[in-house]
Amino acid sequence: MFLYIFSHYCRSMLKEIKHTGMLHFILDCETENILEVLKEANEQKLLTEFHSYILTSLDAHTLNWFELKGVSSNITAFRLVDPSSNIVKEAASVWTLVMKYSEDYLHPYWNASEDIDLFNNKHFSEITSFNIRTKTALFYDAVNLFFNTFAEMEKKELLIIKPLSCQASEKSSHGTKLSQALKKVHSEVGLLSGPIKGFDSYGYRKNFQLKIVELDEKRFRTIGTWTPQKADKIDFTVTVEDRDTETKRKIQQMTFRVVSRVGAPYFIRKEDPPGRILKGNDRYEGYSIDLMKEICKPNNLNCSFTFEPVSDGMYGNYDPNTKKWNGLIKDLIEFRAELAVCDLTITYERKTAVDFTVPFMTLGVSILYSKAVKEPPELLSFSHPLSLDVWLYMFTAYLLISITIFLVARLNPNDWENPHPCNPNPETLENIWSIRNCCWLTLGSFMAQGCDILPKGISTRLVAAMWWFFVLIMIACYTANMTAFLTMERMGPTIESAEDLAAQNKIKYGCVKGGSTASFFKDTNFSTYHRMWVQMESAEPSVFETSNKDGVKRVLTSKRKYAFLMESSNIEYEMERNCDLIQVGNNLDSKGYGIAMRTNAPYRKSFNEAILKMQEMGVLVRLKDKWWKEMHGGGQCTKDKHSEDATATELGLDHVGGVFVVLAVGVCLAMLIAICEFLWNVRKVTVTEKVAPKEAFMRELHFALNIWARKKAVLNSASRSPSALPAERLSNKSR
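Numbering-wise, the UniProt record's numbering puts 219 at position 219 of the sequence shown, and it's gapless, one number per residue.
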């Protein structure tokens, strides 16, 4: 912005300029007014390190810049007179001496002391090479050049100068010659404004040189030169390395005002200890604090900083209606801070307003979801692979097949056998396929245990073969479905990617309102993500949250009916502290967190170098491990995760407990039947041997409990029960 300023309305203009947000100015005013204007600019906070000024005055270096305090801006000017030149220094010494003699000569003629002081202050102050004005130097060079040119002309011919009247039209006879001689003058030495190599046809000076100077600690230093012959080029005398060195030196003298957003693990407010009130940076802790501590160490930038929370708690978004930014970006633009350090995502929109360093952390948008809750398996969970209807149909089929085999075996002549194989001409035939044996055959086949008797007829064998085929298929289906049931029980989410999330409507999903994640979905050109954004905007109730913390809480309390879209780094942080959370799928994009600062901040390169150096040395990884896995309850789920992976294929008793129950029920039923059969046998013995029931019971029980008895006599005598025979005699008879 070009400023042609008059002092009487300087302040009002600077106030208007401040609200425009302009940073670069060309100041065109009288030399005497430069400091006054810049003092007013300093009061308006327009002399920060982000502002730069170009002064059109060629005498800016002659001012007393010590009067201007707290200047961080880049102030550039031009000068024709070089104060470091020996010619200028010699002229300054001579003029000071002449002025002193003039003062001694005039002093006797002045009686008023006030006039003497005024004359001294205005005219006879000490002259140095740094306060010689350009106009004075040019006047001196002009007189000097005219004198020397005239002297050269006199060497060639006698010049007789006739007096001329200003009112007359008569011209000097030597004017044209003098003018032509001046245009041909080439003077390399003796001039305060630099060498003169002639004048052009219009009388303008050729090939002069302007020094480009920059204010450095209240003094101007030369940083380049400019000549009319190379009007589109500046020859800089300061190298890039010199600039970097100078910037680092200035950084060491700075105390950066850093603004951040409260949120774990980046910026956390600490509790005041008993009897003590924390102040300054001691009030906060977190990844951002440690990151700045590492950057500002003596082996890096060697500077200091102060942290403050952002006023409105926002990251920074642009409102097209008000055309203003909020949050961290607003604080930077309005010069409330020099840096913004937190989980601030580098986006294109934000880079139009501020600059970012290289990312100190890379990440991407991902999906946060809750783990599947493992319900306690039911007692009869082994029966779940098949429905109740199938179990009933199978039992019915078992009965029907058993009856079918019984009927077919009675119809088929091949299943009627000779009861005495040694007799070739039996009088009767016997059929072994009773209902009991048929049920035993089908049951043995179903349990894959086989049977000691098999059908011989073609029809009965065909029925048995069909039953075996049916059992084969059913066992295979049961085994496969049981495997699927166990696998589904261990599976995590019911969604595996963003495409799965977008393709269903049972699970709601959202993100932080107004954050970079919302901007990603809003501005995307990918159809799936755009469809997700439309669904998020139209969802009722709203799926947006004001912070990541609220989003995580909603995921945990929604019973797997809500998924939260957030940065993967924050998901990792939450997963280290809550084992009920998981990350679904891969990152949807790739981005990074960077340190934000004002556009064209001079220290951006130094911060980039410090971050890259820390990255190569592993400092950034160490900081992340500290705040993600160690501090504030981190690392809780690491052990659980390894344990879960190690036992992923094991079945607990709660999975197969029903099988044990069935086994126990079957054994108990068998024992009950055995007792009934024993009592029934006792009754038969009582009737056959005509003894008391108690006596028969005790005899039979005694024999049953004699585990060494291997044989039992047949009931064929009414005089004595076989059960009453000693085990030894029975054993001897068997021999």
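A virtual CB, placed ideally from N, CA and C, is assigned to each residue, including glycine.
Could you have a look at A340 and say whether DSSP puts it in helix, strand or coil? The residue you call residue 340 lines up with position 340 of the sequence shown. A340 falls in the strand class under three-state DSSP.
Less than 9 angstroms between the C-beta atoms of L441 and I473, yes or no? Here residue 441 refers to the residue found at position 441 when the sequence shown is read from its first residue. Here residue 473 refers to the residue found at position 473 when the sequence shown is read from its first residue. No. Outside cutoff.
Tell me whether P228 sits in a helix, a strand or coil according to DSSP, three-state version. If you number the sequence shown from 1, residue 228 lands on position 228. Note: P228 maps to helix in three-state DSSP.
Inspect the beta-carbon positions of I212 and T225 and report whether they are closer than 9 angstroms. If you number the sequence shown from 1, residue 212 lands on position 212. If you number the sequence shown from 1, residue 225 lands on position 225. Taking 9 angstroms as the Cβ cut-off, I212 and T225 qualify as a contacting pair.
Identify which residue in I458, A692, Q535, N74 has its Cα closest to the Cα of T247. Start at 1 with the first residue of the sequence shown, and residue 247 comes out as number 247. Checked all of I458, A692, Q535, N74; the closest Cα to T247 is N74.
Between C438, G316, V185, which has its C-alpha nearest K513's C-alpha? In the sequence shown, residue 513 corresponds to position 513, counting from 1. Closest option to K513, Cα to Cα, is G316.
Could you check where the alpha helix (DSSP H) with F703 kicks off and where it finishes? Taking the first residue of the sequence shown as position 1, residue 703 is located at position 703. Taken as a continuous stretch (DSSP letters only), the alpha helix (DSSP H) holding F703 covers 693-705.
Using only alpha-carbon positions, find the residue among L97, H632, V682 that is nearest to Y287. Along the sequence shown, read from residue 1 onward, the residue named residue 287 stands at position 287. Closest option to Y287, Cα to Cα, is H632.
Once the 5 residues before and after Y266 are set aside, which same chain residues still bring their CB inside 6 angstroms of it? For the purposes of this step, residue 266 is taken as the residue at position 266 of the sequence shown. Correct list, in chain order: G286, Y287, S288, C342, D343.
How many Å lie between L291 and Y318 at the Cα? By one-based count along the sequence shown, residue 291 stands at place 291. By one-based count along the sequence shown, residue 318 stands at place 318. Answer to the nearest angstrom: the Cα atoms are 27 angstroms apart.
Neighbourhood of A92 by C-beta distance below 7 angstroms, restricted to the same chain and skipping five residues each side: Sequence index remark: in the sequence shown, residue 92 carries index 92 (1-based). So the list reads I127, T128, S129, I132, once near-sequence residues are dropped.
Anyone know if the C-beta pair for I54 and I17 falls short of 9 angstroms? Within the sequence shown, numbered from 1, the residue matching residue 54 stands at position 54. Within the sequence shown, numbered from 1, the residue matching residue 17 stands at position 17. Contact flag unset, no.
What residues match up with R221 in a beta bridge as DSSP calls it? Translated into positions along the sequence shown, residue 221 becomes position 221. Beta-bridge pairing links R221 to E214.
Separation of D232 from N148, as counted between CA atoms: Indexing the sequence shown from 1 puts residue 148 at position 148. Indexing the sequence shown from 1 puts residue 232 at position 232. Rounded to the nearest angstrom, the two C-alpha atoms are 34 angstroms apart.
Of all Cβ atoms in chain D, is any one closer than 9 angstroms to the Cβ of I26? Of the protein chains in this structure there is only one, and it is not chain D.
Selected residue, minimal CA-CA separation from T409, among C439, W627, F150: As a position in the sequence shown, residue 409 is number 409, starting the count at 1. As written in the sequence, residue 409 is Ala, which differs from the Thr given in the question. The shortest Cα separation from A409 among C439, W627, F150 belongs to C439.
Looking at S57 and C29, is the spacing between their C-beta atoms short of 9 angstroms? Here residue 29 refers to the residue found at position 29 of the sequence shown. Here residue 57 refers to the residue found at position 57 of the sequence shown. Closer than 9 angstroms, so yes.
According to DSSP, residues forming a beta bridge with T306: Taking the sequence shown and counting its residues from 1, the one referred to as residue 306 is at position 306. Per DSSP, R257.
Just verifying my parser: in three-state terms, what is the DSSP assignment at M474? To locate residue 474, count along the sequence shown from 1; it is residue 474. Residue state, collapsed to three classes: helix.
If you run the structure through DSSP and keep just helix, strand and coil, what is W533? For the purposes of this step, residue 533 is taken as the residue at position 533 of the sequence shown. Helix.
Exposure of D141, with buried meaning 16 or more beta-carbon neighbours within 10 Å: Position 141 of the sequence shown holds residue 141. So D141 counts as buried.
Taking 8 angstroms as the cut-off, does the stretch 547-557 touch the stretch 592-612 (at least 3 CB pairs, one atom from each stretch)? no
Which of helix, strand or coil DSSP assigns to A718: On the sequence shown, position 718 is the one that residue 718 refers to. In this prediction, A718 scores a pLDDT of 44, lower than 50, which makes its location untrustworthy; the coordinate-derived value is nonetheless stated afterwards. In this structure, A718 counts as coil in the three-state DSSP scheme.
Counting only runs that start and end within the stretch 66-91, where is the beta strand (DSSP E) found for 3 or more residues in a row? 74-79
Reduced DSSP category for Q44 - H, G, I as helix; E, B as strand; rest coil: The count along the sequence shown starts at 1 and reaches residue 44 at position 44. Residue state, collapsed to three classes: coil.
Tell me whether the beta-carbon of T345 lies closer than 9 angstroms to the beta-carbon of S590. In the sequence shown, counting from the first residue as 1, residue 345 sits at position 345. In the sequence shown, counting from the first residue as 1, residue 590 sits at position 590. Going by C-beta atoms, T345 is not nearer than 9 angstroms to S590.
For W391, count the other beta carbons within 10 Å of its own beta carbon; 16 or more makes it buried, fewer makes it exposed. Which is it? In the sequence shown, residue 391 corresponds to position 391, counting from 1. Flag for W391 reads exposed.
Would you report the Cα separation of T134 and L623, rounded to the nearest angstrom? Along the sequence shown, one-based indexing puts residue 134 at 134. Along the sequence shown, one-based indexing puts residue 623 at 623. If you take the alpha carbons of T134 and L623, they lie about 58 angstroms apart.
Contacts around residue 740, its chain only, beta-carbon distance under 7 angstroms, and the 5 residues preceding and following it disregarded: One cannot answer for residue 740 here, as it falls past the ends of the chain, which runs 1 to 735.
Extent of the continuous beta strand (DSSP E) run through F25: Here residue 25 corresponds to residue number 25 of the sequence shown, with the count starting at 1. It spans 24-28 - the beta strand (DSSP E) in which F25 sits, taken as one unbroken run.
May I ask which residues mark the beginning and end of the beta strand (DSSP E) holding E567? On the sequence shown, position 567 is the one that residue 567 refers to. Counting along the chain, the beta strand (DSSP E) containing E567 begins and ends at 562-567.
Based on Cα-Cα distance, which residue from S12, Y398, E417 lies nearest to G457? Within the sequence shown, the letter at position 457 stands for residue 457. The shortest Cα separation from G457 among S12, Y398, E417 belongs to E417.
Range of the contiguous beta strand (DSSP E) that encloses D252: Along the sequence shown, one-based indexing puts residue 252 at 252. The sequence shown places Gln at residue 252, not Asp. Unbroken run through Q252: none, as it is neither H nor E.
With DSSP as the reference, label L301 as helix, strand or coil. Working through the sequence shown from its first residue, we reach residue 301 at position 301. Coil, per DSSP.
Helix, strand or coil for L368, going by three-state DSSP, please let me know. Counted from its first residue, the sequence shown places residue 368 at position 368. The answer is strand: DSSP assigns L368 an E or B state.
Cβ pair count under 8 angstroms reaching 3, the stretch 569-582 against the stretch 325-335: no
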